[in-house]
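Worksheet for the structure shown next.
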Amino acid sequence: MPMSIKNAILLFVVVAICAAFSMRMFQGLDEMMGDQYWVVDTTQGDHGWYAMGLLPHVQKVAKDVVKAANTDADPANNYEIYAQAGDFAGNSVYGICYGIPLIMYLIWFAFILGFPDRVDPYLLPRKIFTLAVITCCSIIVNLFLMRITADFATDPMSRIANVAGNHASLLFHNAGIWFAILFSALGTHAHSAQETTAPDSRQWQTQANEKFSWMFILLGAVTVLELFLVKSKLALPDAAVDYSVWIIWVVIFMRMFGFSPKYWIKRGRGLAIMFVGTALTLVAFYFLERFTGTLGAGFASPILAKALGVDSQNIGLSLMISIYLIFWMEFSAAIRMNGPAKSAVEQKH
55 MPMSIKNAIL LFVVVAICAA FSMRMFQGLD EMMGDQYWVV DTTQGDHGWY
105 AMGLLPHVQK VAKDVVKAAN TDADPANNYE IYAQAGDFAG NSVYGICYGI
155 PLIMYLIWFA FILGFPDRVD PYLLPRKIFT LAVITCCSII VNLFLMRITA
205 DFATDPMSRI ANVAGNHASL LFHNAGIWFA ILFSALGTHA HSAQETTAPD
255 SRQWQTQANE KFSWMFILLG AVTVLELFLV KSKLALPDAA VDYSVWIIWV
305 VIFMRMFGFS PKYWIKRGRG LAIMFVGTAL TLVAFYFLER FTGTLGAGFA
355 SPILAKALGV DSQNIGLSLM ISIYLIFWME FSAAIRMNGP AKSAVEQKH
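Going by the numbering used here, the letters in the sequence shown line up with residues 55 to 403, in that order.
Structure, rendered in structure tokens:
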């Protein structure tokens with residue numbers, strides 16, 4: 055039974071507000087830095103790090119001072135740069151960075167809590183506990199990721215995050231998505247005392263050959279697409295980040311819509327939501343950049359053109375498309391409109 059329009063709008067508005075609030079927290083970190091670097095204070099703790107080496111003691115130092123010290127002949131006075139403005143909020147590619155928490159909150163609210171129309175009071179405490187565990191796991195994992203990212207920033211003038219795929223905000227929310235899917239798959243939020251007997255796998259009729267063939271066809275298609283986007287300067291020069299998201303899209307697409315075209319053609323509503331929603335999102339962020347002048351879309355972007363050159367004004371297009379295809383695909387499932395049309399079911403009977 056599809057979700058009512060009222061509840062679908064409510065779900066979208068709630069996750070959109072939560073994603074905006076989450077991004078605002080990261081923007082606050084950037085505003086704290088201003089035109090300065092956060093550098094590791096090596097006079098404190100174990101080489102400037104504490105909490106098992108995951109968190110740095112940081113201090114703000116003017117960029118000119120850091121650059122002068124790190125480019126002189128004496129390496130002993132070099133600063134260890136941890137972050138600078140833009141590494142957390144990603145305002146220049148806001149349209150991309152906004153999409154990851156949007157997906158995360160959609161999964162948390164719709165698929166774990168059952169919001170807004172399937173909140174079971176009996177299971178709600180367990181579901182809330184699951185989200186609390188997911189949050190803690192996400193924070194811990196991302197502290198490790200932040201440390202690894204900082205260690206990679208070995209060049210004196212480098213940024214932790216220079217382009218969309220490496221923003222710290224993406225790291226945090228990606229872990230939230232990963233753990234949410236894991237815990238949801240494990241069923242930790244919906245255990246029942248009435249456990250059913252596992253099916254006898256010897257009776258299964260495998261469709262593995264067909265699944266694998268179409269999976270590799272889709273992977274081949276997105277590989278060609280990504281190569282085209284990179285060659286056309288419509289994607290990040292380092293294609294690994296973009297390509298990884300397209301691979302995720304393939305896996306989720308096959309889970310949502312089936313593993314061959316004979317299933318896809320029966321799910322026109324879900325496919326329409328995915329493609330039309332993505333197109334409208336691109337338009338919305340395009341106009342948001344023109345309206346604000348500070349929150350970049352990630353494509354056709356004057357901000358990127360000014361920062362990286364005109365040839366790089368579209369480097370976020372590939373990520374924008376793949377991320378929002380995933381969001382709207384998940385949204386169609388959340389409002390239960392990704393299944394086959396009624397006519398297709400009736401014809402089968």
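The C-beta atom is built at its ideal place from N, Cα and C for all residues, glycine as well.
- DSSP, read as helix, strand or coil, puts Q81 in helix.
- Scanning the stretch 282–363 for uninterrupted alpha helix (DSSP H) segments of 4 residues or longer gives 293–311, 315–318, 322–346, 356–362, listed from N- to C-terminal end.
- In the pairwise beta carbon analysis, the stretch 160–169 is classified as not touching the stretch 143–150: fewer than three pairs are separated by under 8 Å.
- Sequence-distant Cβ neighbours of F339 in its own chain, meaning closer than 6 Å and more than five residues away, are G149, A351.
- Counting C-beta atoms within 10 angstroms of its own C-beta, G370 has 16 or more neighbours from the protein chains shown and is therefore classed as buried.
- With contacts defined by Cβ atoms closer than 8 Å, T346 and Y378 do not form a contacting pair.
- Using a Cβ-Cβ distance cut-off of 8 Å, the stretch 192–199 and the stretch 76–87 are not in contact, since fewer than three pairs of beta carbons, one from each stretch, lie closer than that value.
- Going by beta carbons, W318 and S376 fall outside the 8 Å limit.
- With a beta-carbon spacing of about 5 Å, D95 and Q113 fall inside the 8 Å limit used to define contacts.
- The shortest CA-to-CA distance from A123 to any of T189, P56, N132, A116 is the one to N132.
- Less than 8 Å separates the beta-carbon of F313 from that of E264.
- Take M57, set aside five residues on each side of it, and the residues of its chain with a beta-carbon closer than 7 Å to its own are D171, I389, R390, in chain order.
- Around the beta carbon of G363, a 10 Å sphere encloses fewer than 16 other beta carbons of the protein chains shown; the residue is thus reported as exposed.
- Between the alpha carbons of E134 and C190 lies a distance of about 28 Å.
- If you look at W92, you'll find it in the beta strand (DSSP E) that goes 90–94.
- Rounded to whole angstroms, the separation of the alpha carbons of A387 and L177 is 21 Å.
- Note that the C-beta distance between L342 and L334 is not below 8 Å.
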